[in-house]
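The structure appears right after this line, and notes come after that.
Protein chains: 2
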Amino acid sequence: IANNDGDALKGLLDDFHFADVAELLQELNHEEATYLVKLLDSEITSEALMELDDDFRERILDNLSPSEIADELDEMDTDDAADIIAELDDHIQKQVIDHIEDEEHAADIVDLLRYDEDTAGGLMAKELVRVKETWTVAGCVREMRRQAENVTRVHSIYVTDRHGKLKGRLSLKDLLTAPERAHISDIYIPKVDYVNVHTDAEDVARIMQKYDLEAIPVIDDEGILVGRITIDDIVDFIKEEAEKDYQMAAGISQDVEADDSIFKLTKARLPWLMIGMLGGLGAASIITGFQSMMTTFPKIIIFVPLIQATAGNVGVQSSAIVVQGLANDTIKGNIITRLLKESLLALVNGIAIALVVLVISHFLFFTSYLESISIGIAIITVIILAALIGTFIPILLDKRGIDPAVATGPFITTSNDIFGILTYFLIAKLILGF
Amino acid sequence: IANNDGDALKGLLDDFHFADVAELLQELNHEEATYLVKLLDSEITSEALMELDDDFRERILDNLSPSEIADELDEMDTDDAADIIAELDDHIQKQVIDHIEDEEHAADIVDLLRYDEDTAGGLMAKELVRVKETWTVAGCVREMRRQAENVTRVHSIYVTDRHGKLKGRLSLKDLLTAPERAHISDIYIPKVDYVNVHTDAEDVARIMQKYDLEAIPVIDDEGILVGRITIDDIVDFIKEEAEKDYQMAAGISQDVEADDSIFKLTKARLPWLMIGMLGGLGAASIITGFQSMMTTFPKIIIFVPLIQATAGNVGVQSSAIVVQGLANDTIKGNIITRLLKESLLALVNGIAIALVVLVISHFLFFTSYLESISIGIAIITVIILAALIGTFIPILLDKRGIDPAVATGPFITTSNDIFGILTYFLIAKLILGF
């Protein structure tokens, strides 16, 4: 397509939805994509750019001049513009900001850059409809029409006092039905949920979900209304968090996709494989330590993979439930009760598994009574131990302020492998006495 | 608190936000909770009920009479009410519906019950603001005020033709600024995204995310506007899906929480542990089959846990990336290219791991050159094999219409364990020739 017929292409694509343009761009190589971005209206491309993969967008932006980037940012909401600028190199950042035409817009963007990405300040946008409590309904409607120009969608109308302090919100319905000369102070709803600029993004997501909010106002430490966060940003945030946790549980340490380069994929995957390898070598030392057993009780060793698999699976199950509970803030009560419950659950599962293994090992692998009993007791012990490790480590990490999700996947599997195999041999040694 | 002083309690709680009431209910036992639900205004409790766990809500509803349930449903949006009714027993369903005062509301609910939970029809609500294209602006504003009574939040105004067919949407801004006598047909926006009642819920979520929509209209097969889906329902859906996938990957087969009963947790966890156990027994048979090696090359067996752990980890990594890619619809291109890329990636990772193991096994475990080489080659082969299995199975399941997420976790780990160990012994046999 991209063979120079600019006008025809522009005519064709200017009617497209930005999300479709984004999909199209993603299919092209970055030179063709850059060409298209330069060609099309900033109104469409600015939104399309936001939908692209970070890497791909960066490559396109590298090929645009600071003033071209500024044109795109002029069309964006302040929160998106700030995200884009944060991705640029320091020296380009300043140039781009200088090129933004609307000075108020530029100032808002610079202001947003101050906040940490993972806080309410980092998520919020400056675009919102605000009215003062002293205004009349008629003045308010006039003022709102003016403000609404800059706001893509009116979620809520926020009411502030003279100094800009958040006082409440206004329902559009009440505004439409109130007499023209009434004052806002008579009709606004003084109850409004809000968050502070420093509130953690995760907490913002939790609050918005809990109260089913579509937008939430953000205030600074003085109570001044400084921005608002809308649900679509939260949807993206929730999805990203879920994907990060999922990948973490699978032993992938960075946000990668199936189509990333082999180098990037290796960087995300190899470290965890190395941890698993170290665990495997640890297990090898343990077996070497119990080498004498190989000759006296050769049957004990054939169940090592069973013990290992069971320990790993139980650990992952336990940790997944705890990590999810921590994320949703549904883990209550004290840690001792929780560990006791987990032990009881593990005991139930352990006995069930042990019984099956006992029968099968005895009749199919012809283990002696003592060997069978060693294996059975070992399985129960290992399952309980694995469940406790899987439950305890995430809670401990969470208490220390570390994301408990790192404790899932290979980390828990590897530590459980080693503990499991060691426990198994110790119990076998105790019972069989080699 | 709940010691009979009903009036004081009611005065205290009627000012609470419904989400806080829900949290409070969840802390109580179900008798106390039922007492509170009967005591408080349906306006609050109806919303609070929606926030409760399914099980807990069911136990409260069991203690309410059909007419008491109907009172709650009267206050709910049609989509929530339909979800609640669907949870009740068949014979109670009819009684409850008969008790609903607002007949139109009741008819809407019954209508929604027809749709499958996982389709747009199952997610949508009947509450929406609709205007006909033939109306004037003034008539429209009047009519809208009336309709808005039943709609908690006005997301969008939808425009239909005389027969109710969806024609487009109306922006509130345009409506406010248009002359009173203009016709809707002159000012409405004819471009509007919509979904069919039978559209898969996952696709609805994808569309709403892609186009950053806060509400989407739903039409039936004739194009008639029948309902709308709001983003908050989609947020819940996305979260539930992410949690389900996460649990599936961790080998937990039902939606359970840390606070569920031991029986329920066992039911969700034991089956996967059994699968892992069968895998372990399979591995035991394989080792038994190569028993002669234990005496001639005892060092080979100590690396079985290493092989097993590596195979499992690689399989989980590969499958997680593919499953996530399939869920986000970012897996493109044909399957052969993907498998080739995965093999290449596995080769890189495999060589890295093998080199480290080669050195360590030789110097710390004193393996012979031939043994070291067997181990190294086996590791590379096993990693490639595990990566291919991890990539191929989810794609295959997806093509067959099965949720690929079931292929993650214990399933992939177990099959990789067995294949890994078998491959390891076969390669060792080939090279060492015992």
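Quick note, the sequences are listed as chains A and B, same order. Residue 1 is where the first sequence starts when you use our numbering, and the numbers rise one by one after that. Residue 435 is where the second sequence starts when you use our numbering, and the numbers rise one by one after that. Note that CB positions come from ideal geometry on N, CA and C, so glycine has one too. Note that the coordinates shown come from a computational prediction; the quantities given were computed from them, not determined experimentally.
- About 40 Å separates the beta carbon of A717 (chain B) from that of A635 (chain B), a gap too long to meet the 8 Å contact definition.
- Just so you know, the alpha carbons of L273 (chain A) and F16 (chain A) end up roughly 45 Å apart.
- Within chain A, the residues I262, L265, T266 have their CB atoms less than 7 Å from the CB of L779 (chain B), given in chain order.
- Proximity of L473 (chain B) to chain A, defined by a Cβ-Cβ separation below 8 Å, is not satisfied.
- Proximity to D255 (chain A) across A:A22, A:L25, A:L61, A:D53 peaks at A:D53, based on C-alpha coordinates.
- Taking the Cβ atoms as the reference, R228 (chain A) lies roughly 16 Å from M76 (chain A), outside the contact range of under 8 Å.
- Closest by C-alpha distance to L864 (chain B), out of B:I846, B:D837, B:L647, B:I811, is B:I811.
- With fewer than 16 other CB atoms across the displayed protein chains lying within 10 angstroms of its CB, Y369 (chain A) is exposed.
- Among the residues of the region 231-254 of chain A, those with a Cβ less than 9 Å away from any Cβ of chain B are I231, D232, I234, V235, D236, I238, K239, E241, A242, E243, D245, Y246, Q247, A249, A250, G251, I252, in the order of the chain.
- Residue-level contact check: H451 (chain B) touches chain A, since one or more beta carbons of chain A fall below 8 Å from its beta carbon.
- Annotated three-state conformation of A205 (chain A) is helix, per DSSP.
- Those residues of the region 795-820 of chain B placed with their C-beta closer than 7 Å to a C-beta in chain A are F799, ordered along the chain.
- DSSP places P613 (chain B) outside both helix and strand once states are collapsed to three, so it counts as coil.
- Beyond the five residues adjoining it in sequence on each side, A743 (chain B) comes within less than 8 Å, by CB distance, of no other residue in the same chain.
- Under a criterion of Cβ atoms nearer than 9 Å, the residues of chain A adjacent to L704 (chain B) are, in order, V348, N349, A352, I353.
- Close partners of L273 (chain A) in chain B (Cβ separation under 7 Å): T744, N747, V748, N783, I787.
- When secondary structure is reduced to three states using DSSP, V192 (chain A) falls in the coil class, being assigned neither helix nor strand.
- The DSSP assignment places no complete beta strand (DSSP E) segment of no fewer than 3 residues inside the region 714-741 of chain B.
- The beta carbon of G685 (chain B) lies closer than 6 Å to those of W706, G843, P844 in the same chain, with the five residues before and after it left out.
- Around D646 (chain B), the beta-carbon contacts reaching into chain A at under 7 Å are D232.
- Going by DSSP, L432 (chain A) is part of no beta strand (DSSP E) but of the alpha helix (DSSP H) stretching over 410-432.
- Note that the region 744-756 of chain B does not touch the region 396-407 of chain A; fewer than 3 beta-carbon pairs, one per stretch, sit closer than 8 Å.
- Of the other Cβ atoms in all chains shown, 16 or more fall within 10 Å of the Cβ of P305 (chain A); this residue is therefore buried.
- Interface flag for D221 (chain A) against chain B is unset, since no Cβ pair is found closer than 8 Å.
- The straight-line gap separating the alpha-carbon atoms of S753 (chain B) and L779 (chain B) is approximately 14 Å.
- Within 10 angstroms of the beta-carbon of N416 (chain A) lie 16 or more other beta-carbons, which makes it buried.
- Exposed is the label assigned to S501 (chain B), since fewer than 16 other Cβ atoms lie within 10 Å of its Cβ.
- Ranked by Cα distance from H617 (chain B), the options B:V660, B:K566, B:A676 are led by B:K566.
- Here T771 (chain B) is exposed: its Cβ has fewer than 16 other Cβ atoms, across all protein chains shown, within 10 Å.
- Using a Cβ-Cβ cut-off of 9 Å, D417 (chain A) is close to P739, Q742, A743 of chain B, given in chain order.
- In this structure E342 (chain A) touches A387 (chain A) by the C-beta definition: roughly 5 Å separates them, less than 8 Å.
- No Cβ-Cβ contact shorter than 8 Å links V197 (chain A) with M711 (chain B).
- Straight through space, the alpha carbons of L773 (chain B) and E371 (chain A) are spaced by roughly 44 Å.
- By the beta-carbon neighbour count (other beta carbons within 10 angstroms, threshold 16), V359 (chain A) is exposed.
- Separation of the CB atoms of V669 (chain B) and V235 (chain A) is rounded to 6 Å, and the pair is thereby assigned contact status at 8 Å.
- Here DSSP, grouped into helix, strand and coil, assigns Y645 (chain B) to coil.
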